[in-house]
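Asks:
2 protein chains.
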Amino acid sequence: MTIDDDARAHAEKKARIKDVKDKLYATKTKEKGLLVVHTGTGKGKSTAAWGLVMRTLGHGLKVGVVQFVKGRRDTGERRLLERFPDLVTIKVMGEGFTWETQDKARDVEAARAAWQEAKAMFADPSYHLVVLDELNIVLRYDYLEIAQVLADLAQRPHMQHVVATGRNAKPELIEAADLVTEMTLVKHPFREGVKGQFGIEF
Amino acid sequence: MTIDDDARAHAEKKARIKDVKDKLYATKTKEKGLLVVHTGTGKGKSTAAWGLVMRTLGHGLKVGVVQFVKGRRDTGERRLLERFPDLVTIKVMGEGFTWETQDKARDVEAARAAWQEAKAMFADPSYHLVVLDELNIVLRYDYLEIAQVLADLAQRPHMQHVVATGRNAKPELIEAADLVTEMTLVKHPFREGVKGQFGIEF
Numbered sequence: 049m050t051i052d053d054d055a056r057a058h059a060e061k062k063a064r065i066k067d068v069k070d071k072l073y074a075t076k077t078k079e080k081g082l083l084v085v086h087t088g089t090g091k092g093k094s095t096a097a098w099g100l101v102m103r104t105l106g107h108g109l110k111v112g113v114v115q116f117v118k119g120r121r122d123t124g125e126r127r128l129l130e131r132f133p134d135l136v137t138i139k140v141m142g143e144g145f146t147w148e149t150q151d152k153a154r155d156v157e158a159a160r161a162a163w164q165e166a167k168a169m170f171a172d173p174s175y176h177l178v179v180l181d182e183l184n185i186v187l188r189y190d191y192l193e194i195a196q197v198l199a200d201l202a203q204r205p206h207m208q209h210v211v212a213t214g215r216n217a218k219p220e221l222i223e224a225a226d227l228v229t230e231m232t233l234v235k236h237p238f239r240e241g242v243k244g245q246f247g248i249e250f
Numbered sequence: 049m050t051i052d053d054d055a056r057a058h059a060e061k062k063a064r065i066k067d068v069k070d071k072l073y074a075t076k077t078k079e080k081g082l083l084v085v086h087t088g089t090g091k092g093k094s095t096a097a098w099g100l101v102m103r104t105l106g107h108g109l110k111v112g113v114v115q116f117v118k119g120r121r122d123t124g125e126r127r128l129l130e131r132f133p134d135l136v137t138i139k140v141m142g143e144g145f146t147w148e149t150q151d152k153a154r155d156v157e158a159a160r161a162a163w164q165e166a167k168a169m170f171a172d173p174s175y176h177l178v179v180l181d182e183l184n185i186v187l188r189y190d191y192l193e194i195a196q197v198l199a200d201l202a203q204r205p206h207m208q209h210v211v212a213t214g215r216n217a218k219p220e221l222i223e224a225a226d227l228v229t230e231m232t233l234v235k236h237p238f239r240e241g242v243k244g245q246f247g248i249e250f
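Here the protein sequences line up with chains A and B, keeping their order. Heads up: the first sequence runs through residues 49 to 250, numbered per this note's numbering. Heads up: the second sequence runs through residues 49 to 250, numbered per this note's numbering.
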């Protein structure tokens, strides 16, 4: 095969792929607010939600964030969100990271209060995107009833996107979702004794 | 088991988990710039990179972005990045999305030029984070030599983080990386005829 043949074969293959993709995309026409789930034990679940937030803010659209697990406050994402006070509403579940508390009744109460904040966002169609950060954790511990959560999600405005994050997503949530990605850990710097790095981890 | 017993068991379990985590974190002390790879066929690879960008910008630190596959220009992430002209440098590989071109020699040339832009960022320690968006695609087609890419990455400043995205990450890149996440498709709205949604897909 000469170089010209190789170039021609390459061009033909690319043209075929483009043709298949164009035909596929042409069949995809529905518009709706998506229920997106980021789950799995790997990194990037919340980080990819922040990427969606960034995209939404770039378009000048409103974002609501409910954090069901309160981590450190001085994160980069938090600081960036605070630069868009007209577009961003953040609510943090009251009782802190669940590994740090040892009071189940208090956690349940806090989860319910946080869910009320989420429902207030579902009731307001001006929110283009609602992030339910670490919702899967409170669902896993049954701090919220999955049936009620799904019923409330189904009542949200037709074009409102929701992204729910956290490992161990419930099968019922995956079933209801439009787009589900599992983040799988392939390699983690902890193995080498490297700690969570500023600007990456927080 | 009474309610009190249940609450006590819950508290004890949480306390044990917290103890294990605290001990684990205490052993993680090294600081270094991470080579992060987001790969797999699922969504969220570039989106999670934008989340890291958001975090970095929130801290007021500089970000360099090299996009090896030029998509649409009017994305939300692009618009947001343009709001931080003092902190963000974006370089886009000249010849567009590779499925759209049918000229391998031109693609190789464009990939090499884009890599020079990446190298210029590696040479500047003021960049806290460098995003090599869709690098894996040009590596997969051997538009760039993996050995040279790894050598150049190894020369970057000690505390500079790099995130490389794209499906089909080369084993050599995974081997060299500190943190690798595979995004796995669990469910995609294409199945239901739903198109890429504004604010989610772009």
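Where a beta carbon is used, it is the ideal one built from N, C-alpha and C, also for glycine.
1. Whole angstroms is fine: what's the gap from Leu187/B's alpha carbon to Lys62/B's?
2. According to a CB-to-CB cut-off of less than 9 angstroms, which residues of the segment 79-94 of chain A neighbour chain B?
3. Taking only beta-carbon positions, decide if Leu109/B is within less than 8 angstroms of chain A.
4. What is the C-beta distance between Glu165/B and Val114/B, in whole angstroms, given that I count them as a contact (C-beta under 8 angstroms)?
5. Going by C-alpha to C-alpha distance, which of Asp70/B, Arg215/B, Asp53/B and Asp226/B sits closest to Phe116/B?
6. Using beta-carbon positions only, say whether Gly99/A and Thr95/B come within less than 8 angstroms of one another.
7. May I ask you to verify whether the segment 156-171 of chain A touches the segment 222-238 of chain B, counting CB pairs closer than 8 angstroms and requiring at least 3?
8. Suppose the cutoff is 6 angstroms on Cβ atoms and the five residues either side in sequence are ignored; what does the same chain contact list for Val136/A look like?
9. Across the segment 222-230 of chain B and the segment 85-94 of chain A, are there enough close Cβ pairs to call them in contact, namely three or more that are closer than 8 angstroms?
10. Closer than 8 angstroms, CB to CB, is Asp190/B near chain A or not?
11. Within the 8 angstroms Cβ cut-off, does Thr229/B reach chain A?
12. For Met231/B, which beta-bridge partners are listed by DSSP?
13. Work out the CA separation of Asp54/B and Asp200/A for me, nearest whole Å.
14. Please report the straight-line C-alpha distance between Gln203/A and Phe132/A, rounded to a whole angstrom.
15. Can you give me the start and stop residues for the alpha helix (DSSP H) that Thr104/B sits inside?
16. DSSP three-state call for Gly247/A: helix, strand or coil?
17. At the 8 angstroms Cβ level, is Arg204/A part of the contact set with chain B, yes or no?
18. With 16 as the cutoff for other CB atoms within 10 Å, does Arg126/B come out buried or exposed?
19. In terms of residues, what are the limits of the alpha helix (DSSP H) holding Gly88/B?
20. Per DSSP, Leu135/A is paired with what?
21. Output yes if chain B places a C-beta closer than 8 angstroms to the C-beta of Gln115/A; else output no.
22. Leaving out five residues on either side along the sequence, give the residues of the same chain with a beta carbon under 7 angstroms from the beta carbon of Arg56/B.
23. DSSP on Lys71/B, reduced to helix/strand/coil?
24. Write down every uninterrupted run of the beta strand (DSSP E) in the segment 174-212 of chain B whose length is 3 residues or greater and which is fully enclosed by it, in chain order.
25. Can you find the residues in the same chain that come closer than 8 angstroms, C-beta to C-beta, to Gln208/A, ignoring five residues on each side of it along the sequence?
26. Looking at chain A, is there any beta carbon in it that lies within less than 8 angstroms of the beta carbon of Leu183/B?
27. What residues of chain D sit near Arg103/B, judged by a beta carbon separation below 8 angstroms?
28. From which residue to which residue does the beta strand (DSSP E) around Val156/A run?
29. Would Val140/A and Leu180/A be called neighbours here (beta carbons separated by less than 8 angstroms)?
30. Would Gly124/B pass as a contact of Gly124/A if the rule is Cβ separation under 8 angstroms?
31. What first and last residue would you give for the beta strand (DSSP E) that runs through Gly112/A?
32. Identify the contact partners of Thr212/A in chain B, using a Cβ-Cβ distance below 8 angstroms as the criterion.
33. Assuming Ala59/B and Asp134/A form a contact by the criterion Cβ under 8 angstroms, report the distance between their Cβ atoms to the nearest whole angstrom.
Replies: In short:
1. By 1-based counting over the second sequence, the position of residue 187/B is 139. By 1-based counting over the second sequence, the position of residue 62/B is 14. Distance between the alpha carbons of Leu187/B and Lys62/B: 45 angstroms.
2. Glu79, Lys80, Gly81, Leu82, Val84, Val85, His86, Thr87, Gly88, Gly90, Lys91, Gly92, Lys93 and Ser94
3. Translated into positions along the second sequence, residue 109/B becomes position 61. Judged by the 8 angstroms Cβ criterion, Leu109/B is in contact with chain A.
4. Working through the second sequence from its first residue, we reach residue 165/B at position 117. Working through the second sequence from its first residue, we reach residue 114/B at position 66. With a Cβ gap of about 5 angstroms, Glu165/B and Val114/B count as contacting.
5. Working through the second sequence from its first residue, we reach residue 116/B at position 68. Nearest of Asp70/B, Arg215/B, Asp53/B and Asp226/B to Phe116/B, Cα basis: Arg215/B.
6. As a first step, residue 99/A must be located in the first sequence, where it is residue number 51. As a first step, residue 95/B must be located in the second sequence, where it is residue number 47. Their beta carbons are under 8 angstroms apart, which means Gly99/A touches Thr95/B by this criterion.
7. no
8. Mapped onto the first sequence, residue 136/A falls at position 88. Val111 and Leu129.
9. yes
10. Taking the second sequence and counting its residues from 1, one reaches residue 190/B at position 142. Cβ-Cβ to chain A under 8 angstroms: no for Asp190/B.
11. For the purposes of this step, residue 229/B is taken as the residue at position 181 of the second sequence. At least one chain A Cβ lies under 8 angstroms of Thr229/B.
12. Counting from 1 along the second sequence, the entry for residue 231/B is found at position 183. In DSSP, Met231/B forms a bridge with Met231/A.
13. To locate residue 200/A, count along the first sequence from 1; it is residue 152. To locate residue 54/B, count along the second sequence from 1; it is residue 6. Near 29 angstroms, if we compare the C-alpha coordinates of Asp54/B and Asp200/A.
14. Position 155 of the first sequence, counted from the first residue, corresponds to residue 203/A. Position 84 of the first sequence, counted from the first residue, corresponds to residue 132/A. Rounded to whole angstroms, Gln203/A to Phe132/A spans 27 angstroms at the Cα level.
15. One-based indexing of the second sequence puts residue 104/B at position 56. Where Thr104/B is concerned, the enclosing alpha helix (DSSP H) stretches over Lys93 to Gly106.
16. By 1-based counting over the first sequence, the position of residue 247/A is 199. The answer is coil: DSSP assigns Gly247/A none of H, G, I, E or B.
17. In the first sequence, counting from the first residue as 1, residue 204/A sits at position 156. No - not a single Cβ of chain B is within 8 angstroms of the one on Arg204/A.
18. Here residue 126/B is taken as the residue at index 78 of the second sequence, counted from 1. By the 10 Å Cβ count, Arg126/B comes out buried.
19. Here residue 88/B is taken as the residue at index 40 of the second sequence, counted from 1. Run containing Gly88/B: none; DSSP gives neither H nor E here.
20. On the first sequence, position 87 is the one that residue 135/A refers to. Its beta-bridge partners do not exist; DSSP assigns none.
21. Within the first sequence, residue 115/A is the residue found at index 67, counting from 1. For Gln115/A, the answer is no, since every Cβ of chain B falls outside 8 angstroms of its Cβ.
22. For this step, residue 56/B is matched to residue 8 along the second sequence. Correct list: empty, nothing qualifies.
23. Taking the first residue of the second sequence as 1, we reach residue 71/B at position 23. DSSP places Lys71/B in helix when its eight states are reduced to three.
24. 175-181
25. On the first sequence, position 160 is the one that residue 208/A refers to. These residues qualify, in order along the chain: Gly81, Phe170, Pro173, Tyr175, His176, Leu177 and Val178.
26. Sequence index remark: in the second sequence, residue 183/B carries index 135 (1-based). False, the Cβ-Cβ gap to chain A never drops below 8 angstroms.
27. In the displayed structure, chain D is absent; the protein chains listed are A and B.
28. Along the first sequence, one-based indexing puts residue 156/A at 108. From DSSP, Val156/A is part of no beta strand (DSSP E) but of the alpha helix (DSSP H) over Lys152 to Phe170.
29. Working through the first sequence from its first residue, we reach residue 140/A at position 92. Working through the first sequence from its first residue, we reach residue 180/A at position 132. No; because the gap between Cβ atoms is not below 8 angstroms, this pair is not in contact.
30. Counted from its first residue, the second sequence places residue 124/B at position 76. Counted from its first residue, the first sequence places residue 124/A at position 76. Not a contact, by the Cβ cut-off of 8 angstroms.
31. Along the first sequence, read from residue 1 onward, the residue named residue 112/A stands at position 64. From DSSP, the beta strand (DSSP E) with Gly112/A extends over Lys110 to Gln115.
32. Taking the first residue of the first sequence as position 1, residue 212/A is located at position 164. Going by the sequence as given, residue 212/A is Ala instead of Thr. Those do not exist, as Ala212/A stays about 13 angstroms from chain B at its closest Cβ, beyond 8 angstroms.
33. Reading the second sequence from its first residue, position 11 is the one you call residue 59/B. Reading the first sequence from its first residue, position 86 is the one you call residue 134/A. Rounded, the Cβ-Cβ distance is 42 angstroms, inconsistent with contact.
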